[in-house]
Each structure stands twice: as structure tokens, then as C-alpha cells.
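Residue numbers (the numbering used here), protein chains in the order written: chain W, 10 to 169; chain Z, 10 to 169; chain S, 10 to 169; chain X, 10 to 169; chain B, 10 to 169; chain A, 10 to 169.
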């Protein structure tokens, strides 16, 4: 529990409780709408257990960043029409390959891409194409993280 | 013409001449295969006139960089199966939005995405999603470049 | 007007109209709460005219990105307690100096910092300190943009 | 000890010995002035033991980089008036969150911010605000490092 | 072995087998020319065992990225005249220090620089100079990786 | 003249006046030593007129950043032994190509590389090699800036 934050627990409560909110609390209702919408999308992509663990760990230091990630990233953005869920995860893999510095989040989104129905080839091709735009180090580094995900999911047979 | 490069003109020759190469010159034949393949893809995405102008301008200082861009970027990579051409341009738009520093190339690939059959919404959604991963400045800056492309192509009516 | 977006005008409407929303439309009410809150903060930092022009220009291509910038950036984040408004603008100047690729937004936030009550020295010191963390090119480039802002505001006398 | 550097030990000597330098050695005297000034500031922010360990480890490969870090980073820059020490550490946290690739240095400066009198909320808010400017991955990654620092300092109670 | 890639083993085959290719297969012959040329350069810089291990590990997920790294990076680029091999490795060390996010590749190229005949001082000076252009965090981080390489090669005596 | 900085003119004075400083002012003497040393190196690389104009323009907003650039960048770093002046400019060109966002400074250092005795081929090869490490957009963008410098120096004949 954070000593310095009185509002602790709000994100966890939002995430785990069924809620019935008075209509007067319009802001909270809408926020919960965005949050619930985002949580549904995130759970679908990464699995409830992963999302719950992520939210719990991040929530111990900044429940609001955890909440904003769901509300804005998944409620406002990833939930939008105009681009398929697989494509959304592929452009995210492209961005994280280009940034280079966030392997755990890259692995999360490689998993998300596969869960969204992208074929492994599409993930590999996206990372491979980044060699042209972000350079070979970005591409090589991301590809080793893709390999780790493929091994975890049993879709890459590593021969010793 | 470059004073310091004796090999000048190779790229231009490759790009503009029909060629019939002796089989012994295997390396050149294969390079021409990759180059011709890449050129076909690049011409399809950006138009012959644009590609020719780009190759000419870059070729005045580094014909080899111009040639490698076509051979590697389009002959080896963008020509590959496993990811559709629209998707390839979208992940490129994602990368260039994340990098931020290359507006002319970003505009080129927004054009490429549209030429590859992506809907304008898909381009806008890709750039919008980058607000989550690369930040709002990257997203806002790229969106203004997308707007410029849409105006040029007459698919955005700017009301004064 | 955008050909490809049916929802055009929502951001403009939110920004310019008084609204009386039915309580059942809880999501919209809350969004308007965040939007109105963000708009107030942004107007205070950058001036109504600037914000309106920014929203108009960006809104022609992506009214949703314009709206999210206000809702998330200023409604959710900059409005928070725990860090003064001048400090918020200084850490933003630090981020934009480090990113390097977005001079117009950097200039906007240098203006914002001054409007938030930061002294010019604090802006200069923030940019100067970035020479240590992001390198001299980032610092030198940002400082010339600060100079342009200071000239525009009449707080730097440029001797010819 | 470095085989390839004859000047080894200069930084360590500067750091650990009282010195009385002949006035004719003006350059060394001034360098020592900047170095001593920087060392005092760095020791105050990070603790003598940490600084000594950092200087020792880096000094084994590049005593000059260790020395320049103190002389320029802390003697010339962080020592300046015009921005409070807490604010200097916050803009540094913003820069390191934006860069993303240097977690150990980020943690060092989160510690420095707290030592300079910043409240934990100010650190959290700075990192949270980076979600707008550098993206959520930068913000999420930095926040987990902030959490680790808070745990080490006993200001975050992690429930198992 | 990859489930999703039918072309598996091509890179490994290219790397390990003597080949006698029919002249009609011009593309493959030329590719092997570039590959063999690149492999020779890479083996010379990093050692056959390292390159083989790198190619094997990367080849399990993307044999084509492994092959392109050799063909383009070392066959097309590093093999070129106009810049000495030591200088090529130094500008690579500069680039990887600036990028910051790829320590294993940075260490590989610090080894490559030394193998190409650069003195350790030249590596240290290159990394030190990056403090000016990419900032002290980039420089400090890279220097600790240089130290690790120097220790492994026995050219830095670490005193406990 | 800056309204907000009382110390204005120090950098200009340091740059343009012969000085005879009392030995008691050890810090200033040493700083002038570093400054004079740096100024000599910078003038040699970029020309007195360019450096004077740069210092004047930057000095109007931050004379201290102008001074630190000379003192640290050129007095402390570029003046060091262990790496030739041409090599120092090449690794700087590599860094600025990788960063991407600072074309004016990149052009300055392409000029500096040529002035330091690097052949144009070495500059072109350095930028070309960055296609591998920082991506083709970085390389293409930097090459067009190199072309502009070559044209200005009359070493590239642009055929219309």
C-alpha cells in the first residue's frame, strides 16, 4: 500500500467488483465505461491473469497510471473501429521494436498479436521490416524476444 | 556527377535500361533481380516519377544508398509474403511516427499506404494509436503530415 | 470536412457549445467533464486563440486526436495535484528537448511554462541541464527555439 | 588498473585526497574547484558511498568520464542557480524516462529527487506525465523503477 | 525448427556447406556471393564460433533476418572500401552508444573494433565523445559495457 | 541582450579578448584555458566566422550553453589524444545521423569532418553504414544533408 496516496485501491476496485453506480455520478460512470471497455479488450488480448497481475504490480505505485493505461490505451484507442485488432497489435509491435527499450512490453504485445489472430509469420515479418526503418539492432533484439514468446507458446521447437 | 565516386551511374543504368547480362556475371544478375523486383514494388507504391526523382536526387550523392534502398528495402523485404502490402505500409507509418524526425519519408509512406489499398481511416488509426506508444507529440506531428497528404490527394476538404 | 469520418464535428461541438446532456448519456457527460476541464487548463496555458486554432487544424484530420489531447493530456494529467503547473511544464520542456523532433510543440510548452509562472531562467536552466542527459545537440536546438519564443514575447532584446 | 591509460588514478586522487595545489597550476586548481563543487553536490544527492562506488567502478575504465560527469554534470550544471535542486532532479527524471534505456541511472535520480526534498508524489506525477509526451511504455517502465526505489527506501509497503 | 516457415535451414545451409550452384540459379549464386563475403568479414571481426552461435540462435526464429544481417550488413556495407575496418567499427560503436538500448550488440562491436585493430583508447574515446552528442547516460552506460569487454579480454585489471 | 541574465557578455568577452588574468582567479584562468583550447579547435574545424556567428546567436539566449559547448565539447573532449580529429568528426556524424533530429548540427560536423582531413568518401561511407544500425530513414535523411554540404563546397557537381 502506498503511504503517499490516499486514493489507493480505486483501480483494483474498478477491476474486480461488479458495480452499480448512481446516475448522478456521471464522471465515474463514464470512466467505468471506458475502464470496463478497456479491461474487456485487454483481458481478451493478454488474459485476465496477466492483466490482473500487471494492474496489481503497477497499482502498488501508481494506480492511476494502471487505470489510464486501460482507460485510454484500451478503452479509448484499441477499442476503436477502423483498424482490425491484429493490425493494431502489429503497429504496436512496430512501435515497440523501434523504441527498443521496453522488452517486457514488446513481449506482451507479441502475445497480444497472436491472441488477436495474427499469424506468427506476420509478427516475424513486422519485426523483420523494422530492420529497414529502425535498423538491424532494433530488429535483431525484437526478434529474440519474439523467439522467447514463440517458445513459451510452444510454436517454436528449439532443437538443442 | 560525383568527383569522388568512380562507379557513378550504375544505379541509374540499372533503373532505366533493359539489360541482358552474361550468366557469368552472376552477382550482377542477382543484384539486378533484387533491384528490378524492388523497383517494381516501389514504383507501384509511390509512382515511377516519384521513385525516379528520389533515386536521381539521392543518386547524386550516394548511388549505392539509393540502390540499397531499392534492393534491400523493397526487393528483399517489402516484396516478401507473410504480410500484406497495406499492412507493411502501416507498420512503416508506425515506425516513422515513432522515430518522428523524418517527415518527408513519413509522407511518402502515408501515400504508399493509400496506394497499397489502405483506407485513410487505417492510416489515421495507426497514427492515433501511436499516441499510446510513442506519445502525443509523435502522434500530433505525424497527423499533420497525414493531413497534408490527404489534402494533396483531395481526400480532405479543408474549409477556410 | 473529412470525407472518411462520419463523426466529424464532435470535438468542435464539445469545445464551442454550451451543452445540456441527458443524464442517461453518462459517458458523454463524463467525457465532457474531462474535456471541459482539460480545455480550461489548456486555454489557461496557451490562450484560447491558440488552442482553438490548434484544435481546428488537427480536428480537420483527426478530431478524436484533438479531443484526446485535451481529455487525456490536460483533463486527466496536467490537471492533477501533486506537481505545480510550472513544474509540469518544465518536465514537459525536458521531455520535448530530449525527443528533439517536435520544435513547434516545444515552443508551445516554453510558452506554457512562462504562462504558468515559470521564470525564463527556469526554462533556460531546464534546457541547459538537458545537455547532460540528452546531449548538446538536443540542448542547443531547444535553446534556439526558446530564444525564438523569448523574442516573440519581447523578453529577449536581439541586437542586430 | 588500466593497461592503456597512463593517467590512471587522477580522479580517485581528486576525490579522496585533501589537496593543496600550487597557484601556478591554474588549470588543475580550477578543475579541482569544479570537481570539488560537483562532488559536494553529487554526494549530497546520492550519498558519499554511492558516489564513491560509482566513481570507482567507472574510473576503472574511464577515470576521465567519471571526472567529467562530476565536473560538468554537477560542478557546472546542477550547481547553478535559477532552478531548485528538486526541480533539477525532476527534469532529469523526465529526461531519463523519455530516453528509456538507462534504468540504473533513472533509479539513481529518483533517489536524488527524494534526497533533494521532492515528495514521492512529485516523482510519480513527473513519470505519469511522461505518458503524454514519451508514451505509456516509457511511463510504465519508469514507474516500476520508481516502485523499486520506494520499496528500497521503505516508503512503499508491498503486500505479498 | 520453425513450424510456420517452410524455408527453414537455408541460412544454415548457406553458412555451413560448400556449394556448387548451377549458373542458371543466378540469384542464389549472387546471394551466396554476398553472404559468403559478409560471413568472411563477420567471422574475421567476431570469430567463427560467435557468428555461428548468433546465426543459429537468430536462425531458429528468423533465418532470413540472420541471413540479411550477413548479406546486407557485412556483405554489402562493412565490406566496402572508403573507410577502414577499425573506423567502421568505431562509427558503429558511436551509433550503438547513441541508441542505448542494445548492450549485447554494443559489446559485440566493441569486440569487433578491437579485433579490427582499434586500440582500446580509441573505443574509450569514441564512447567518451558520445557524452557530448548523446548525453552522459548513453556514455556512462556504454562505458560500463566496454569495461566488461576489456575484462573478458584481459586488458583491464580489475582490482578488488 | 538578455533581460534576465546579469552575466551577459562573459562568453563573448572570453572569445574575443586577449586576457591577462591574475593568478588568484584560478577558476577563471583554468576555464579560459579550456575555453581558449576549445575555441582554437572549433575555429580550426568550422572556421572563425561560423563559430563566432554560432556563439553570438546562442549567446543571446544562453551564453553559458555557448561557453560550455566550447569548454566541454571542444576543450575537454575533442582536444583529447587517443583518436584522430577526422575520426572524432566521423563518430560525431554517426551520432547525429542516428539522432536524426538536428540537421543543422549534422551539416556543421560534415563540414568539420572534411576540414579535419576526412575524404568525402569517408563521410558518405559513415552515413551509409548507419542504414544498418539506425535504419534507412536516418541514412537517407543524413545523406541529403551531406549532399547539400558537398554542393556548397563545390565537391559535388549537380547536373540539372
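From the three backbone atoms N, C-alpha and C, an ideal C-beta is built for every residue, glycine too. Since the model is a prediction, treat every value here as computed from it, not as a measurement.
Asked: Cutoff 6 Å; reference residue 154 (chain X); Cβ partners in own chain excluding five residues on either side; Found: 112, 115, 116
Asked: Per-residue DSSP class, three states only, for residue 165 (chain B); Found: strand
Asked: Distance between residue 50 (chain S) and residue 57 (chain S) (C-alpha atoms, nearest Å); Found: 10 Å
Asked: Nearest to residue 94 (chain B) (by Cα), restricted to the options B:121, B:143, B:60, B:109; Found: B:121
Asked: Anticipated Cβ contact below 8 Å, residue 91 (chain Z) with residue 130 (chain W), distance rounded; Found: 4 Å
Asked: Cβ neighbour criterion (16 or more within 10 Å) applied to residue 80 (chain A); Found: buried
Asked: Min CB distance residue 150 (chain A) to chain Z below 8 Å; Found: yes
Asked: Beta carbon proximity, residue 125 (chain W) to chain B, threshold 8 Å; Found: no
Asked: Continuous alpha helix (DSSP H) stretch holding residue 83 (chain X): start and end; Found: Segment: none, residue 83 (chain X) is in no alpha helix (DSSP H) and carries neither H nor E.
Asked: Inter-residue spacing [alpha-carbon to alpha-carbon] between residue 134 (chain A) and residue 89 (chain W); Found: 45 Å
Asked: Three-state secondary structure (DSSP) of residue 92 (chain S); Found: coil
Asked: Inter-residue spacing [alpha-carbon to alpha-carbon] between residue 66 (chain A) and residue 59 (chain A); Found: 11 Å
Asked: Exposure of residue 119 (chain W), with buried meaning 16 or more beta-carbon neighbours within 10 Å; Found: buried
Asked: Proximal chain X residues relative to residue 146 (chain B), where beta-carbon distance stays under 7 Å; Found: 105, 108, 111, 114
Asked: Residue 141 (chain W) and residue 144 (chain A) closer than 8 Å at C-beta; Found: yes
Asked: C-alpha gap between residue 76 (chain B) and residue 74 (chain W), whole angstroms; Found: 41 Å
Asked: Outcome for residue 161 (chain W) when other beta-carbon atoms lying within 10 angstroms are tallied against a minimum of 16; Found: exposed
Asked: Burial state of residue 97 (chain A), where buried means 16 or more other Cβ atoms lie within 10 Å; Found: buried
Asked: Interface flag, residue 155 (chain S) vs chain B, CB-CB below 8 Å; Found: no
Asked: Per-residue burial, residue 136 (chain B) [other beta carbons within 10 Å of its own, 16 or more giving buried]; Found: buried
Asked: Backbone secondary structure at residue 26 (chain B) - three-state DSSP; Found: Because residue 26 (chain B) carries a pLDDT of 29, less than 50, the predicted location of this residue cannot be relied on, and no value is offered for it.
Asked: Candidates X:41, X:163, X:71: closest to residue 151 (chain B) by CA position; Found: X:71
Asked: Interfacial residues, the region 68-86 of chain S to chain X, with Cβ spacing under 8 Å; Found: 81, 82, 86
Asked: Beta-carbon spacing of residue 139 (chain X), residue 104 (chain S) below 8 Å; Found: yes
Asked: Supposed close pair residue 110 (chain B), residue 110 (chain X) - CB separation, criterion 8 Å; Found: 4 Å
Asked: Within-8 Å CB hit, residue 35 (chain A) to chain X; Found: With a pLDDT of only 46 at residue 35 (chain A), under 50, the local geometry of the prediction cannot be trusted, and the value read off the model is given with reservation. Closer than 8 Å: yes.
Asked: Extent of the continuous alpha helix (DSSP H) run through residue 70 (chain Z); Found: Taken as a continuous stretch (DSSP letters only), residue 70 (chain Z) belongs to no alpha helix (DSSP H), as it is neither H nor E.
Asked: Chain B contact for residue 138 (chain A) (CB, 8 Å cutoff); Found: yes
Asked: Distance CB(residue 84 (chain W))-CB(residue 47 (chain W)) smaller than 8 Å; Found: yes
Asked: Beta-carbon gap between residue 165 (chain Z) and residue 69 (chain S) smaller than 8 Å; Found: yes
Asked: Range covered by the alpha helix (DSSP H) that runs through residue 116 (chain Z); Found: 112-124
Asked: Beta carbon of residue 78 (chain S) nearer than 8 Å to that of residue 149 (chain Z); Found: yes
Asked: Where the alpha helix (DSSP H) through residue 135 (chain Z) begins and ends; Found: 129-142
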